[in-house]
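K.L.:
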Amino acid sequence: MSKKNSYSSFGFALAFSSFPIYIYTPIYYIEIYKLDIFLIGIILLFLRILDAILDPLIGYYSSKLSVEKIKKYIFNVCILFYAVSIYFLFNPLHTNPTISFIIFLFLTTFFFSILNINFYSLSVFFKGEMSSSVSATREFNSFLGMIFGAVIPGILLNFYNSEKAYFIFSFFILCILFLFFFIFSRNFLINLTTVKFENEIKRMQISSLFNKEYIWFYTVHFISVLSAALPAVMIIFFCKLLFKIRSLYSFIYTILFFIGCFIIRYMEKIKFKIH
Numbered sequence: 268m269s270k271k272n273s274y275s276s277f278g279f280a281l282a283f284s285s286f287p288i289y290i291y292t293p294i295y296y297i298e299i300y301k302l303d304i305f306l307i308g309i310i311l312l313f314l315r316i317l318d319a320i321l322d323p324l325i326g327y328y329s330s331k332l333s334v335e336k337i338k339k340y341i342f343n344v345c346i347l348f349y350a351v352s353i354y355f356l357f358n359p360l361h362t363n364p365t366i367s368f369i370i371f372l373f374l375t376t377f378f379f380s381i382l383n384i385n386f387y388s389l390s391v392f393f394k395g396e397m398s399s400s401v402s403a404t405r406e407f408n409s410f411l412g413m414i415f416g417a418v419i420p421g422i423l424l425n426f427y428n429s430e431k432a433y434f435i436f437s438f439f440i441l442c443i444l445f446l447f448f449f450i451f452s453r454n455f456l457i458n459l460t461t462v463k464f465e466n467e468i469k470r471m472q473i474s475s476l477f478n479k480e481y482i483w484f485y486t487v488h489f490i491s492v493l494s495a496a497l498p499a500v501m502i503i504f505f506c507k508l509l510f511k512i513r514s515l516y517s518f519i520y521t522i523l524f525f526i527g528c529f530i531i532r533y534m535e536k537i538k539f540k541i542h
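Going by my numbering, the letters in the sequence shown line up with residues 268 to 542, in that order.
(1) Rounded to whole angstroms, how far is the Cβ of Gly400 from the Cβ of Ser390, which I believe are closer than 8 Å?
(2) Pro287: which of Ala432, Leu317, Tyr327 sits nearest, CA to CA?
(3) Answer yes or no: do Phe386 and Leu281 have a C-beta to C-beta separation smaller than 8 Å?
(4) Which stretch, first to last residue, makes up the alpha helix (DSSP H) that contains Ser276?
(5) Applying the criterion that 16 or more other CB atoms from any shown protein chain within 10 Å of the CB defines a buried residue, is Met413 buried or exposed?
(6) If you drop the 5 nearest sequence neighbours on each side, which residues of the same chain put their C-beta closer than 8 Å to that of Lys469?
(7) Apart from the five residues just before and just after Lys394, which ones in its own chain have a Cβ nearer than 6 Å to its Cβ?
(8) On the DSSP letters alone, give me the boundaries of the alpha helix (DSSP H) that Leu317 sits inside.
(9) CB-CB under 8 Å to Ile435, same chain, minus the five flanking residues each way: which ones, in chain order?
(10) Compute the beta-carbon to beta-carbon distance between Phe371 and Leu356, rounded to the nearest angstrom, for a pair I have assumed lies under 8 Å.
(11) Hey, Phe283 and Ile384 are a contact pair by Cβ (cut 8 Å); roughly how many whole angstroms apart?
(12) Cα-Cα, which of Ser352, Ile381, Leu321 is closest to Tyr340?
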């Protein structure tokens, strides 16, 4: 497999594994463990705010690490913690599901952010026209990952009860995650040239994390993360709990929502090219 496809394919696994985190786990904890919907909403909002604060910090400190450290520590270690967190998020400790939900949701999103940020940073390895092609392939794979991440839980819920369906789905996530990580690591990550990558990183590094020039950037990033998370989470709440729509229709509406987001994004790119 080519380096481009090996790199881009991991985007599918990350999107597939991360999509259900904010979409399906709240419903799961409400239905099975009877957590209060208001409490779930507060927890999700707090964790999204925390994500918006931590993501720039993760990006800043990740950019200071060499490719050797990225290979040995960031990806190889974080993929294990990410997988374990996902498993316990969908298969919580029954002694206190509320605490389990908070801890493992935070750990899952935290390790996902580390993996995702460092995954995107590796795109500097590709040059010129190849860079555009890689970005397009990566985004397409990520989009497919979101679609499958929305569809499969809905299908399982039509054949099994919630607890069994999510256990099967969590196991399926781990298989997809490790399979695509093996492809990514074996064919791309291990062949990176340290010098080239470090030169690109040094060129792109921010001189100071708290530089005044980037305050507005952080502010916009914070608002963007929050505004993107709210509708994506609330669509399932409205479909499942308010309108009492069956799982089949629920994930169909979710797919249509993300297809709309996908179309809008590329319509904006076309608009800028025309102008």
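No residue lacks a Cβ here, since even glycine has one placed at the ideal position from N, Cα and C.
P.N.:
This is what the structure gives:
(1) Against the sequence shown, residue 400 aligns to sequence position 133. Against the sequence shown, residue 390 aligns to sequence position 123. Contrary to the premise, residue 400 reads as Ser rather than Gly in this sequence. The pair is not a contact, with the Cβ atoms about 11 Å apart (cut-off 8 Å).
(2) For the purposes of this step, residue 287 is taken as the residue at position 20 of the sequence shown. It is Ala432.
(3) On the sequence shown, position 119 is the one that residue 386 refers to. On the sequence shown, position 14 is the one that residue 281 refers to. A contact, by the Cβ cut-off of 8 Å.
(4) Within the sequence shown, the letter at position 9 stands for residue 276. Start and end: 270-290.
(5) Here residue 413 refers to the residue found at position 146 of the sequence shown. Answer is buried; the Cβ neighbour count reaches 16.
(6) For the purposes of this step, residue 469 is taken as residue 202 along the sequence shown, with counting starting at 1. The predicted model places Lys469 with a pLDDT of 47, which falls under 50 and marks its position as unreliable, so this point remains unresolved.
(7) Start at 1 with the first residue of the sequence shown, and residue 394 comes out as number 127. Closer than 6 Å at the Cβ level, and outside the excluded window around Lys394, lies no residue.
(8) Mapped onto the sequence shown, residue 317 falls at position 50. Element bounds for Leu317: 304-329.
(9) On the sequence shown, position 168 is the one that residue 435 refers to. Closer than 8 Å at Cβ, skipping near neighbours: Leu423, Tyr427.
(10) Within the sequence shown, residue 371 is the residue found at index 104, counting from 1. Within the sequence shown, residue 356 is the residue found at index 89, counting from 1. Indeed, because the Cβ distance is near 4 Å, the residues count as touching under 8 Å.
(11) Position 16 of the sequence shown, counted from the start, is the residue given in the question as residue 283. Position 117 of the sequence shown, counted from the start, is the residue given in the question as residue 384. The Cβ separation is near 18 Å, so there is no contact.
(12) Numbered from 1 along the sequence shown, position 73 holds the residue referred to as residue 340. Comparing Cα-Cα distances from Tyr340 to each of Ser352, Ile381, Leu321, the minimum goes to Ile381.
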